[in-house]
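Take a look at the structure below.
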Amino acid sequence: MGWLQRLFGFGSPEEAAAASTPSEDAPAGDDIPPERLGLNGEYDQSGLAKRVVWAFDQDNDLDDEERLWVAQTGGKVVLKGEVASQEVLDKMVDVASGVDGCTEVDTDQVSVG
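Per the numbering used here, the sequence shown starts with residue -11, numbered consecutively.
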């Protein structure tokens, strides 16, 4: 099982689009803040977190760390839980930092080992 499937219940961005229900009061198009941009360009309250886990899924060096969770607070990506090694955590921070809309990656709630 991949990151997107485990954390959000979707195997691909296409599945996420099919399951999404647009909010009437959500901004559209260029008015969507980068941290709220969904997997398919739609407004999504958890858009940054979903795009980060999708980026994790696309990186062949990152297997799903089943005891790690990804959340967001505005543009900050918050990692919580446990990872196998510091190298894996460093890679995750690098990948998450490269996702549009990410302003910071918080690893204070992650234990290594």
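Cβ atoms here follow ideal geometry from the backbone N, Cα and C, with glycine treated the same way.
- In the three-state scheme derived from DSSP, where H, G and I count as helix and E and B as strand, Leu50 is classed as coil.
- The continuous beta strand (DSSP E) containing Val58 extends over residues 56 to 61.
- Each residue's CA atom was taken as its position, placing Asn48 and Asp32 some 26 Å apart.
- Bounds of any beta strand (DSSP E) do not take in Asp18, whose DSSP letter is neither H nor E.
- Under the three-state reduction of DSSP, Leu(-8) is assigned to helix.
- In chain order, Leu36, Gly63, Asp88, Gly89 place their CB closer than 8 Å to the CB of Pro22, counting only its own chain and leaving out the 5 sequence neighbours on each side.
- Annotated three-state conformation of Ser0 is coil, per DSSP.
- Burial state of Ala6 is exposed, judged by a 10 Å Cβ sphere holding fewer than 16 other Cβ atoms.
- With contacts defined by Cβ atoms closer than 9 Å, Asp45 and Trp(-9) form a contacting pair.
- In this structure Val58 touches Val40 by the C-beta definition: roughly 6 Å separates them, less than 8 Å.
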